[in-house]
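Colleague: Dropping the structure in here first, questions after.
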Amino acid sequence: MAAIKMKERSLAGSTGIELARALVVDESWNQLNKLTQLMEMIMYLQHEPVFSKYCFYGCWCLPYGAEAMGKTAGDPVDEIDATCRAKQLCYKCAQLDYGANCKATVGYRFKGYTLNGERRLRCLDTENTCERALCECDRRLAEKLSYLEDTSSFDYHSKYGDFNYAETCVPKCQNCQKWDECCGEYPERYPFFSDYGNKGCCGRKTYYKSVLECCKNDILQPKGTCQYGYGK
């Protein structure tokens, strides 16, 4: 409510400072709402719902807590961390596919349900939208974390353990800032650098077009060897 009131005052008022403050508060509000959604998704599938063990964890699982959902770097320290990294890459593709306004803080609609005694999640927004893409990214994260629930280690927890994020999580990706295309389908879609059009996507794999071509059923073969009419 405070965010809404501040925004109204800024629009009716006259100073750019007020408007800037409103935008900051709104973004913080969106981030809190999104974090709550993510927490609800994850906890719905956990046997022991303790969300804090996935915050400040490794290099990719909210290493700075809720205040910096997208601040990540380095190699994953375990499968849990790798799952969080996959979610971040999925987020990046949502932004590449649907524009700069498709931020990690954009909310979505989902529901939990039970099928054959098992809890499951379903995204409700229209397919091929920013909201649906982000929801699928988070749904996949929640599902994978439910399988890895018993594997978390305090050795990789920077707040409740002795894990040193600054020393361990060093950026190593040379082309991360150049990511301009994505490969695969949601929720396992990931970004890559197309090398100015020289690199393409075939199913879930990237390849150099000068060497390989994508054939029928997304099978990679040496360039010029695809059955006629199927190469790309």
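The sequence shown begins at 0 in numbering that gives the first Met the number 0 and counts up one residue at a time.
All C-beta atoms, glycine included, are put in the ideal place defined by N, C-alpha and C.
Remember, it's a predicted structure, so these values are computed and weren't measured experimentally.
1) Tell me the start and end of each unbroken beta strand (DSSP E) in the region 82 to 146 that is at least 3 residues and wholly inside, in chain order.
2) Pick helix, strand or coil for residue 207, following the three-state DSSP scheme.
3) Please name the residue or residues paired with residue 191 in a DSSP beta bridge.
4) How about residue 121 and residue 112: are their beta carbons less than 9 Å apart?
5) Run through the DSSP bridge pairs and tell me what residue 62 is partnered with.
6) Would you grab the beta carbon distance between residue 93 and residue 141 for me? Rounded to a whole angstrom, and I think it's under 8 Å.
7) Within the continuous beta strand (DSSP E) that includes residue 221, where are the two ends?
8) By the DSSP assignment, the alpha helix (DSSP H) with residue 167 in it spans what residues?
9) What residues match up with residue 236 in a beta bridge as DSSP calls it?
10) What separation, rounded to the nearest whole angstrom, lies between the Cα atoms of residue 200 and residue 77?
11) Starting from residue 198, trace the beta strand (DSSP E) in both directions and tell me its first and last residue.
12) For residue 41 and residue 210, what's the separation of their Cα atoms in angstroms?
Modeller: Reading from the atomic positions:
1) For the region 82 to 146, whole beta strand (DSSP E) runs of length 3 or above, ordered along the chain, are 109 to 114 and 117 to 122.
2) By 1-based counting over the sequence shown, the position of residue 207 is 208. For residue 207, the secondary structure class from DSSP, reduced to helix, strand or coil, is strand.
3) Taking the first residue of the sequence shown as position 1, residue 191 is located at position 192. Per DSSP, 180.
4) Residue mapping note: residue 121 aligns to position 122 of the sequence shown, counting from 1. Residue mapping note: residue 112 aligns to position 113 of the sequence shown, counting from 1. Yes, the pair counts as a contact, with Cβ atoms nearer than the cut-off.
5) Taking the first residue of the sequence shown as position 1, residue 62 is located at position 63. Per DSSP, none; premise fails for residue 62.
6) Residue mapping note: residue 93 aligns to position 94 of the sequence shown, counting from 1. Residue mapping note: residue 141 aligns to position 142 of the sequence shown, counting from 1. The pair is not a contact, with the Cβ atoms about 16 Å apart (cut-off 8 Å).
7) In the sequence shown, the residue the question calls residue 221 occupies position 222. 218 to 221 is the extent of the beta strand (DSSP E) around residue 221.
8) Within the sequence shown, numbered from 1, the residue matching residue 167 stands at position 168. Here the alpha helix (DSSP H) through residue 167 covers 164 to 167.
9) Since the first and last residues shown for the chain are 0 and 231, residue 236 lies out of range.
10) Here residue 200 refers to the residue found at position 201 when the sequence shown is read from its first residue. Here residue 77 refers to the residue found at position 78 when the sequence shown is read from its first residue. Residue 200 and residue 77 have their alpha carbons spaced roughly 27 Å apart.
11) Along the sequence shown, one-based indexing puts residue 198 at 199. Residue 198 -> beta strand (DSSP E) spans 198 to 201.
12) Along the sequence shown, read from residue 1 onward, the residue named residue 41 stands at position 42. Along the sequence shown, read from residue 1 onward, the residue named residue 210 stands at position 211. For residue 41 and residue 210, the distance between alpha carbons rounds to 42 Å.
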